[in-house]
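This note's numbering numbers the first residue of the sequence shown as 19 and each following residue consecutively. Every residue, glycine too, gets a C-beta built ideally from N, C-alpha and C.
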Amino acid sequence: MQILSRLFSRRAPVTGTAASPILPDVVIAEPFNAFVHGLNAITIPGDLRATRDGAPLQALVMDAAGTQVRVGDVVQATPGIDRVAFAAFPEGMGPAFWLFVVAPLDGADPAPLLPALRALAAGLGARPPLAVGCEGPALDRARLSFAMISDEPPPATLPPLDQPVVDDGALTPEQRQWREEGVAILKGFLSDELLDPYIARREQLGRAGGWRSPTPYMQVEELRRICLHPPLMGVLNSLVGEEMLLHLNLTGWISTERDWHQDEYLSPPFVNSWYAAVWIALDRIHPDAGPFEYIPGSHRWPLLRGDKVRQFMTGDERRLSAVTDSGYDAWPSITQSYVAPIVEAEIARRGVEKRAFLAEKGDVLIWHGRLMHRGSPARQQGLERRSLIAHYTGVNHRPDMPERRFEGGGHYAVFHTPLL
């Protein structure tokens, strides 16, 4: 992408105050993603100074939240490439930043400009991130902490039962358990008459890992009938606070052995806890088969964020992610090598209990999108753990899944993935 094609002058004056002086002439104001550790320099394709007849320019780099700003001179690194070096941002800050190229500040402190920079960025609307090269110090992932890969969503964006203050006296037992523990356990909730047709269909597959398609509900009516069972959907809707949209299944009959994680960090950032998943026992679960494990109350921990997790990937990991699955589904498994130890350290720091769901056929566990959980390692390899998992998001919180249908007791997202 040619940077010069996106240059512009500030659209409207940004007025100043005693605390926030007016911005100098702005040559460019663009967002960019810096997937590096401790950002301290950027390179930009093009010759920015040519737009000002070779006059000096400086760059202001501001974090996305508008809390910190760095300043550096715009210099030519090589013909056609400009470079800006500046004091490093703190560990874990990013990955989103704003770049402002301005007339020189003549040594003035850039911090008072933050309100004006935030106002300018807010007035520009949604814009695609700029293509820049980013530099930072070598990464020691052993130093990463849970706080560096998570944040707290604003309460105003969260569902009713996740609000700071709730009338406990008006809650159902399931809602009370959801609010306190991040789960709702429904013993003997689903009948054999509902489950057995799916079990018979699933047995015909003859594959321990189940269907490879993430949306087998599209083709397997017996599966869809369970996932959209009206009483189940009624409980789901009451827990999250709006009608729910089915969009994912896991159909393996052995433990996934996926280590500690929250489901919601795999979702777009706008989901913000309008998310739930369901674990359905299709037979008695043996404790040696790798049962579902979770940390009660961990749904109140900060939310892991995919962009914060990915900023600590190495270049080789990014290339592998792009090659294996277009950078979408591959990165969670690639980053698990450092996410799991971070979560284990947080569990130890908090001194919390781990709990296993040892279920009988027809038992259901519904869990919060922020609940820390895992498929525990099987102590007896190959031992069946017959179960069905379904994931849902509030119908008003998945604009990226516009094609939907309603059947039985609920909505499901329509995909055109073959049943493999």
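Query, Result
"Integer-rounded CB distance, given that L57 should sit under 8 Å from G154", "5 Å"
"D81 burial status per 10 Å Cβ neighbour count (16 or more: buried)", "buried"
"Residue from E198, P417, D100 and R423 with nearest C-alpha to M236", "R423"
"Rounded C-alpha distance that separates K372 from T190", "25 Å"
"is_contact[H265, chain C] using C-beta, thresh 8 Å", "In summary, chain C is missing from the structure at hand, where a single protein chain is found."
"Contacting residues, own chain, Cβ-Cβ under 6 Å from V54 (five flanking each side not counted)", "C152 and G154"
"Pick from Q76, A103 and T353 that is closest to P122, judged by C-alpha positions", "Q76"
"As assigned by DSSP and simplified to three states, the class of G151", "strand"
"Validate contact between the region 310 to 320 and the region 425 to 438 using beta carbons, cut 8 Å, 3 pairs", "no"
"Nearest-angstrom Cα separation, counted from G228 out to A299", "15 Å"
"Span of the alpha helix (DSSP H), counted from its first residue to its last, around S405", "Careful: S405 lies outside any alpha helix (DSSP H), inside the beta strand (DSSP E) at S405 to G412."
"Given L254 as reference, the closest of R230, V201 and L241 once Cα atoms are compared", "V201"
"Beta-carbon proximity check, I60 vs V150, cutoff 8 Å", "yes"
"Inter-residue CB distance, P173 and Q181 (contact presumed, cutoff 8 Å)", "6 Å"
"Neighbourhood of R136 by C-beta, 7 Å cutoff - its chain only, sequence neighbours within 5 removed", "G84"
"CB of W292 within 8 Å of CB of L383, strictly", "no"
"Distance CB(G112)-CB(Q329) smaller than 8 Å", "yes"
"Range covered by the beta strand (DSSP E) that runs through G315", "No beta strand (DSSP E) holds G315; DSSP gives it neither H nor E."
"Enclosing alpha helix (DSSP H) for G141 [first to last residue]", "L132 to G141"
"Per DSSP, cross-strand counterpart(s) of W385", "V201 and A295"
"Sub-8 Å separation of V102 and D91 beta-carbons", "yes"
"Boundaries (first-last residue) of the beta strand (DSSP E) holding G90", "V87 to T96"
"CA-to-CA distance, F433 to T233, given in whole angstroms", "7 Å"
"Inter-residue spacing [alpha-carbon to alpha-carbon] between A358 and R70", "50 Å"
"S168 - partner residues in DSSP beta bridges", "L322"
"Alpha-carbon to alpha-carbon, E364 and D277", "14 Å"
"Closest residue to P147 among F115, D158 and R336 (Cα-Cα distance)", "F115"
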